[in-house]
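Each residue of the sequence shown is one higher than the last, beginning at 780 in the working numbering. Ideal Cβ placement from N, Cα and C applies to all residues, glycine included. These figures come from a predicted structure and were not determined experimentally. Input: a single structure, listed below in structure tokens.
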Amino acid sequence: MSADPRAVLTRPAPEPDRTVAYGDHPDQVADLRFPAGVGPARPLVVVLHGGFWRFEYDRRHTGPLAAALAAGGYPVAQVEYRRTGQPGGGWPGTLTDVLTGVAELPVLAAEALPDRVTLAPPILIGHSAGGHLALYVAATAPATVGGVLALAPVADLGEAYRRNLDSGAVAALLGGGPAEVPDRYAAADPRSLVPIRTRTVVLHGSEDQQVPAEMSRDFVAAATTAGSDISLVELPGCEHFGLIDPESAAWPQVLQALRSLHDHH
């Protein structure tokens, strides 16, 4: 692929239909996208963006993904949350924001779009650090989640810390390494929270340079052994950003995984 796979991060997308607030802070918001066409009410799809939990990356870079899902008939919310490098971000604000947003958004979306969104627990689509957050919410507040589609997730915070992913991103999130703040890792690391009972599909590209696919292989193996309802789809030749790019070769697999979770739901 000659094009820069990161191009999706800055590609313009249609403006959202509405922005709703789940809290008082300016980053405690979500952009709603209404489903195209006509059809029955469906559970909300909540998109949790990546960017290694850092303030520099916000929900806008998941616009192309969210717009494509809405065009396909899904009601979509792109949730924002406080991130590291800004007041209230990191431990515990980033985590509590996402727990609150996921719990509140089905009601907020159903109010905005009464005939197209059900109050059923939403399906979470999380990419990279957003994949970590999706797994965390499913493990911590399973009643609020109908299914998880984790795209190249940071599924093991201890291992991500040891591999120094994105130059200390995990230490910035939790305020130190596993030796310094073991209780925070115990509370926030999906690897220590298995089994995850919520139905989960993990997609990971074999050529991922940001989050090694080996981490998902090891996590899914451990989660399966513990009794989780989880499966791994590894995409040969796919890198990190193709999973959120509707123009990528990986995109049909993303849609297929979402459909399997939605139908199961």
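Worksheet item: When the Cα atoms are used, what is the spatial distance from Q961 to A950?
Response: The identity of residue 961 in the sequence shown is Pro, whereas the question assumes Gln. Their Cα atoms are separated by approximately 12 Å.
Worksheet entry | Close-in-space but distant-in-sequence residues of the same chain around R996 (CB under 7 Å, 5 per side omitted) | L1011
Discussion item. At the level of alpha carbons, what is the spacing between L788 and R839?
Written reply: 8 Å
Worksheet item: Under the three-state reduction of DSSP, which class applies to G910: helix, strand or coil?
Response: helix
Worksheet item: According to DSSP, is Q988 helix, strand or coil?
Response: Three-state DSSP puts Q988 in coil, outside helix and strand.
Worksheet item: Looking at the unbroken alpha helix (DSSP H) that takes in E883, where does it start and where does it end?
Response: 872 to 891
Item to complete: Kindly indicate the opening and closing residues of the alpha helix (DSSP H) around L1034.
Response: For L1034, the enclosing alpha helix (DSSP H) stretches over residues 1030 to 1043.
Worksheet item: Between which two residues does the beta strand (DSSP E) carrying E938 extend?
Response: From DSSP, E938 is part of no beta strand (DSSP E) but of the alpha helix (DSSP H) over 936 to 941.
Discussion item. Could you check whether A929 and A913 sit closer than 8 Å to each other, using their CB atoms as the reference points?
Written reply: yes
Item to complete: Determine the burial state of A786: buried for a count of at least 16 other Cβ atoms within 10 Å of its Cβ, exposed for fewer.
Response: Looking at its Cβ environment, which holds fewer than 16 other Cβ atoms inside 10 Å, A786 is exposed.
Worksheet item: Would DSSP call S995 helix, strand or coil?
Response: helix
Fill in: Closest residue to D796 among L811, L1037, E890 (Cα-Cα distance)
L811
Worksheet item: If you count every other CB in all the chains shown that lies within 10 Å of the CB of R1038, and 16 or more means buried, which is it?
Response: In summary, R1038 is exposed, with fewer than 16 beta-carbon neighbours lying within 10 Å of its beta-carbon over all protein chains present.
Worksheet item: How big is the Cα-Cα spacing for R978 and D783?
Response: 33 Å
Worksheet item: Using DSSP with H/G/I as helix, E/B as strand and the rest coil, what is V980?
Response: strand
Worksheet item: Can you tell which of P900, H983, G842 has the C-alpha that lies nearest to the C-alpha of A792?
Response: Among P900, H983, G842, the Cα nearest to that of A792 belongs to G842.
Discussion item. Please report the straight-line C-alpha distance between V825 and E959, rounded to a whole angstrom.
Written reply: 33 Å
Discussion item. Helix, strand or coil for T897? Go by DSSP, reduced to three states.
Written reply: coil
Discussion item. Can you find the residues in the same chain that come closer than 7 Å, C-beta to C-beta, to L898, ignoring five residues on each side of it along the sequence?
Written reply: P885, V886, A889
Discussion item. Rounding to the nearest angstrom, what Cα-Cα distance links Q988 and F813 in this structure?
Written reply: 34 Å
Worksheet item: Should V817 go down as buried or exposed, given a rule of 16 or more other Cβ atoms within 10 Å for buried?
Response: exposed
Worksheet entry | Whole-angstrom distance between P893 and G852, CA atom to CA atom | 15 Å
Worksheet item: Is S971 helix, strand or coil by DSSP?
Response: helix
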